[in-house]
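Novice: As they're listed, the protein sequences go chains A and B. Taken in order, the first sequence gives residues 330 to 639; the numbers are from my numbering. Taken in order, the second sequence gives residues 118 to 436; the numbers are from my numbering. Backbone N, C-alpha and C fix where the C-beta goes; we use that ideal spot for every residue, glycine too.
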Amino acid sequence: MSSHVNIGKMHATHIKKDRTQIAITVITYLLVTVFCLMCILPFWMIIASSFSTEDAIRRSGFTLWPGAENFTTYSYELLFRSPDQMIGAYVVTICLAAAGTLTGLFLVAMTGYALQRRDFPFRNGIMFYIYFTSLFSAGLVPFYLLMVQTLNLRDSYFAILFPLLMSPWLIVLMKNFIKAIPHEITESGKIDGAGDFRIFYQLILPNLKPALATIGLFLALSYWNEWYYSSLFLTSKVEYRPLQYHLYNVINKVASLKNSVAGSNVVITDLPGETLKMATAVVATGPIILLYPFVQKYFVAGLTVGSVKG
Amino acid sequence: MDLDRTAAKRIRAPRQPSLGRTVLQHRTLLLMCTPAILFFFIFAYMPMPGAYIAFTNFQYNMGIYRSPWVGIKNFQFLFTSGQLGLLLKNTVLYNLAFIVLGNVVQLTFAILLNEVRNKGYKKTAQSIMFLPYFISDVLVSLLVYNLLNFDYGFISHLVRSTGGEMAKVYQNAGAWPFIIVLVNLWKSTGYGTVVYFAAITGMDSSMMEAAQIDGANAWQRIRYITLPTLKPTVIILFLFAIGGILKGNFGLFYNLVGNNSMLFKTTDIIETYVYRSMMNSFNFSQSSAVGLFQSVVGFFIVLGANAFVKHLDPDYALF
Chain A
330 MSSHVNIGKM HATHIKKDRT QIAITVITYL LVTVFCLMCI LPFWMIIASS FSTEDAIRRS
390 GFTLWPGAEN FTTYSYELLF RSPDQMIGAY VVTICLAAAG TLTGLFLVAM TGYALQRRDF
450 PFRNGIMFYI YFTSLFSAGL VPFYLLMVQT LNLRDSYFAI LFPLLMSPWL IVLMKNFIKA
510 IPHEITESGK IDGAGDFRIF YQLILPNLKP ALATIGLFLA LSYWNEWYYS SLFLTSKVEY
570 RPLQYHLYNV INKVASLKNS VAGSNVVITD LPGETLKMAT AVVATGPIIL LYPFVQKYFV
630 AGLTVGSVKG
Chain B
118 MDLDRTAAKR IRAPRQPSLG RTVLQHRTLL LMCTPAILFF FIFAYMPMPG AYIAFTNFQY
178 NMGIYRSPWV GIKNFQFLFT SGQLGLLLKN TVLYNLAFIV LGNVVQLTFA ILLNEVRNKG
238 YKKTAQSIMF LPYFISDVLV SLLVYNLLNF DYGFISHLVR STGGEMAKVY QNAGAWPFII
298 VLVNLWKSTG YGTVVYFAAI TGMDSSMMEA AQIDGANAWQ RIRYITLPTL KPTVIILFLF
358 AIGGILKGNF GLFYNLVGNN SMLFKTTDII ETYVYRSMMN SFNFSQSSAV GLFQSVVGFF
418 IVLGANAFVK HLDPDYALF
């Protein structure tokens, strides 16, 4: 009898439609879809504008669909007519990103491993020494003077390469990843007589691929998006600027906009300023957007591990 | 017997190894940390004595330590001129808006996404929402310019075509708190949603199943299970965010506002002031005074927030 009632009850709950469930589902699809559109459409607008005539923009502003009659590749033609600046910016950015990511990744992994070893008596002290720098800093001015006066790094690409190499957060993140590797691997290496560095290099590193991918991508992204240190340390004397700083100048300085498409010997009377900015933005950001679908899962993994602590 | 005991004693009570010996024993691991130790020494610790500039009338060609000492004059000026008060107000209010609105929106999206059954949609939505996080602030400023530029902006045209009057946004300081908060929400929602979503999926599912069998509807499950389970995570993330309340997002503010002094009243935060007074007006002393004030006060706020977290749950405390 009682079992009969129970079954009846369960049956009823399955039949009775959960109205809140339906309401929540509808709201979710609505809200999330609208927000997703808000995330994509601005990018689309930049792309659409970059293929539009300057006239169309002056007439009816930036639109999502400039219309087939206004389609032109003129801004790209201008951009690639004298592509020195753009190619230079690409080369500088790619070199910085490659060198910085590889070096930073190796150093962060090596430090993270040593600080994760339970039999290393200095690990807490060193970790605190590193972590303290994210709690207290001297501020921008002393850092700037150190870079410019003491280390003499003004107009040097090293001024961009160095500061982004590692951060306390990345080291903590790496430590969290390494925690998941069984300590027995280190122990077995020791028994076989391997030194600490060899254990790290031959036994730990091959097991760290997801961590290396995640942290490598964080590093690569910070180099690719870098404009801050460039704005501090690279003056006009530097011939080629990193991509995002180049974009920054094209957007904010009329002179840079002109220089970006024409050497001193070419005169363009009516510069399509707005569409040129958009085309520069597309060329400077394109690779990130194209790569994004393939790499975003590593970032998600990184956030999930990183948010546990630190 | 006796002999055995003394031998055992000798073995059991090894002398405390000296520091030198410990260093020698772990030299490889120490060497592996050396690049990082050097890195933080050069780029984080070496500049610290330079905070001395804040107490001098800094002359670039004389260097830090030969510039004349002026005591706390720089700080006095910043306090009495009201400059520091304005910067503090802007920085703190923006951060409060970012923290409160940001967390509410992120939490809402994470909970809502969790209710979606369609896995493909869930994944796609997460990736798309995460996209703005990957974009440099330089590009973000261009996106905003595309929308709000008085002559060509998308929104400006929309307003005009519906017969409205568009304000000159780039000359109107009052509009910027809304714009900056919205842009920040746009940029950070995906990131925070992923963090909260991970916390939700990590939850014990047996409670959910039990509630479902007992006939709890979706809203009740959210209200009485998901939210209470997330409460500790939310509180801890909130406290850490409060710890950073004096730290501003320089890239966002500087790219959106730049050197447009018409907007400074409502948009100038500590970071942008420090940057401009150094790079544009070469006022190194005042710039560094503001920076030092931020560092010191910020440090104590972090300590306080951390103490609070430690009190709630020692596992999550930073140190």
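1. If you drop the 5 nearest sequence neighbours on each side, which residues of the same chain put their C-beta closer than 7 Å to that of VAL437/A?
2. Please state the DSSP three-state secondary structure of SER378/B.
3. Rounded to whole angstroms, what is the Cα-Cα separation between GLU383/A and GLU232/B?
4. Taking 7 Å as the threshold (C-beta atoms), are PHE215/B and ALA406/B in contact?
5. Would you call the stretch 373-388 of chain A and the stretch 598-616 of chain A in contact, with 3 or more CB pairs under 8 Å?
6. Taking a cut of 8 Å between CB atoms, which residues from the stretch 262-273 of chain B lie near chain A?
7. Go ahead and label MET415/A buried or exposed: buried means 16 or more other beta carbons lie within 10 angstroms of its beta carbon, across all protein chains shown.
8. So THR349/A and ASN334/B are in contact, right, with Cβ under 8 Å, and what is the actual spacing, rounded?
9. Compare the Cα-Cα distances from SER389/A to each of TYR162/B, PRO164/B, SER184/B and SER273/B and report the closest residue.
10. Near LEU619/A, what residues of its chain come up, given a Cβ to Cβ distance below 6 Å and the 5 sequence neighbours on each side ignored?
11. For the stretch 164-189 of chain B, enumerate the residues whose C-beta is nearer than 9 Å to any C-beta of chain A, in chain order.
12. At the 7 Å Cβ level, is ALA467/A part of the contact set with chain B, yes or no?
13. In angstroms, rounded to a whole number, what distance separates the CA positions of PRO166/B and THR440/A?
14. With distances taken from CA atoms, which of SER322/B, ILE181/B, PHE172/B and THR208/B is nearest PHE194/B?
15. Got a sec: is the Cβ-Cβ distance from ILE387/B to anything in chain A below 7 Å?
16. Applying the 10 Å Cβ sphere with the 16-neighbour rule, what's the burial state of MET476/A?
17. Does any CB atom of chain A fall closer than 7 Å to the CB of ARG336/B?
18. Give the C-beta separation of LEU444/A and MET456/A to the nearest angstrom, bearing in mind that I take them to be a contact with Cβ-Cβ under 8 Å.
19. Between the C-alpha atoms of SER198/B and ILE418/B, what's the straight-line distance to the nearest angstrom?
20. Taking the alpha carbon of LEU224/B as the reference point, which residue from THR310/B, ALA434/B and LEU429/B has its own alpha carbon closest?
21. From LEU541/A to LEU434/A, what distance separates their C-alpha atoms?
22. Starting from PRO471/A and walking both ways along the alpha helix (DSSP H), at which residues does that stretch end?
23. Cβ closer than 7 Å: which chain A residues qualify as neighbours of VAL311/B?
24. From GLY468/A to ASN366/B, what distance separates their C-alpha atoms?
25. Taking 7 Å as the threshold (beta carbon to beta carbon), is GLY524/A in contact with chain B?
26. For LEU425/A and TYR486/A, which I take to be in contact (beta-carbon distance under 8 Å), what is that distance rounded to the nearest angstrom?
27. In the DSSP assignment, the alpha helix (DSSP H) including GLY219/B goes from what residue to what residue?
28. Where does the unbroken alpha helix (DSSP H) through HIS143/B begin, and where does it stop?
29. Rounded to a whole number of angstroms, what is the C-alpha to C-alpha distance between ILE353/A and ILE228/B?
30. Opposite SER381/A in the DSSP bridges: which residues?
31. Is THR173/B helix, strand or coil when you go by DSSP?
32. Could you check what DSSP says for TRP186/B in three-state terms: helix, strand or coil?
33. Tell me which residue opens and which closes the alpha helix (DSSP H) that TRP303/B is part of.
34. Shortest alpha-carbon distance to LEU380/B belongs to which of SER278/B, LEU265/B, VAL255/B and TYR287/B?
35. CB of GLY468/A to nearest heavy atom of the ligand COA: below 6 Å?
36. So for TRP373/A, helix, strand or coil by DSSP?
Specialist: In this structure, then:
1. MET495, LEU499, ILE500, MET503 and ILE544
2. In this structure, SER378/B counts as helix in the three-state DSSP scheme.
3. 46 Å
4. no
5. yes
6. Answer set for the stretch 262-273 of chain B: TYR262, ASN263, LEU264, ASN266, ASP268, TYR269, GLY270, PHE271 and SER273.
7. buried
8. 4 Å
9. The option with the nearest alpha carbon to SER389/A is SER273/B.
10. The answer is none, since no qualifying residue turns up.
11. PRO164, MET165, PRO166, GLY167, ALA168, TYR169, ILE170, ALA171, PHE175, TYR177, GLY180 and ILE181
12. True, the Cβ-Cβ gap to chain B drops below 7 Å.
13. Rounded to whole angstroms, PRO166/B to THR440/A spans 26 Å at the Cα level.
14. PHE172/B
15. no
16. buried
17. It is worth fixing the name first, because residue 336/B is Trp in this sequence and not Arg. True, the Cβ-Cβ gap to chain A drops below 7 Å.
18. 5 Å
19. 25 Å
20. THR310/B
21. 7 Å
22. Unbroken alpha helix (DSSP H) run through PRO471/A: 469-474.
23. VAL629 and LEU632
24. About 14 Å.
25. yes
26. 6 Å
27. Bounds of the alpha helix (DSSP H) holding GLY219/B are 200-232.
28. Run containing HIS143/B: none; DSSP gives neither H nor E here.
29. The alpha-carbon atoms of ILE353/A and ILE228/B are separated by roughly 10 Å.
30. Note: SER381/A sits in a beta bridge opposite PHE400/A.
31. strand
32. Looking at TRP186/B - three-state DSSP - the assignment turns out to be strand.
33. 293-318
34. TYR287/B
35. This structure lacks the ligand COA; in fact it carries no ligand of any kind.
36. helix
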